[in-house]
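Residue numbers for the sequence shown follow my numbering, so the first one is 22 and each next one is one higher. Each residue gets a CB set at the ideal place from its N, CA and C atoms; glycine is no exception. From a predicted model like this one, the values you see are computed outputs, not experimental measurements. Notes follow once the structure below has been shown.
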Amino acid sequence: SPRWKAACASRAEAHGLLLQAAQAGDAQAAFHLGEMLRSPSAGIKADPAAAWPWYQRAAEGGQARAALMLGLMAKNGEGVPRDAATAARWLQLASGLGNAHAMFLLSYAYREGDGVPRDLDKAAALLEESAEREYPPALQELAMTTQDPTRAGHLMKEATEHRRNNWNKF
């Protein structure tokens, strides 16, 4: 986050401070440490496998974005073996914590039976909930699948507005 970056003279210093805070149980620091380790940055080599336990600490501490990252990493085999069931478990946690992106991805998992039993009702409910949270891809997906042309137009307009104005919040 910009606050951590502003407080540190270098990425190495930020890494050290985040590590101290994360080891002391700060879930937000654990998330940011995971982000730093997963993505290449000045002076820090990307190491998704090393990021996993920090994201896990953060997710277990209530950080929805960390649970989302664990789900994505397991789904894509990034730093850990590809595992759809593990991905779905982390996406379920992130969804339960209110993450609209995770709800959207989990809706696909239920629709396709990828890591969870196929359940079209759950898939539809998760897609609707993600759209209610103004997640642009969910709004767009609903617009493309609805039978109501008026609703489809409204949803596409809303998706475009939210994509333009709020993309970074997801």
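Delimiting residues of the alpha helix (DSSP H) encompassing residue i
i	result
Asp142	Leu141 to Glu153
Gly92	Ala85 to Asn97
Thr107	Ala105 to Gly117
Thr166	Pro157 to Thr166
Ala45	Note, Ala45: premise wrong, no alpha helix (DSSP H); not H, not E.
Ala67	From DSSP, Ala67 is part of no alpha helix (DSSP H); its letter is neither H nor E.
6 Å Cβ shell around residue i - same chain, five flanking residues per side excluded
i	result
Phe125	Ser151, Tyr156, Pro158 and Ala159
Gln49	none
Same chain, Cβ closer than 7 Å to residue i, neighbours up to 5 away in sequence not counted
i	result
Ser60	Ala67
Counted within 10 angstroms of its Cβ, other Cβ atoms place residue i as buried (16 or more) or exposed
i	result
Gln44	exposed
Gly37	exposed
Gln113	buried
Contact test: residue i Cβ vs the ligand MG heavy atom, cutoff 8 Å
i	result
Ser151	This structure lacks the ligand MG; in fact it carries no ligand of any kind.
Pick from the options that is closest to residue i, judged by C-alpha positions
i	options	result
Ser2	Leu163, Ala146, Glu133 and Ala105	In the structure as shown, the chain begins at 22 and stops at 191. Residue 2 is therefore absent and cannot be evaluated.
Gly46	Gly83, Arg110 and Leu112	Gly83
Ala72	Ala51, Tyr129 and Gln161	Ala51
Pro102	Pro138, Pro69, Ala79 and Arg139	Pro69
Tyr131	Leu118, Ala121 and Leu148	Leu148
Residues of its chain near residue i, where Cβ-Cβ distance is below 8 Å and the 5 sequence neighbours each way are ignored
i	result
Leu93	Glu99, Ala108 and Leu126
Glu179	Glu155 and Leu160
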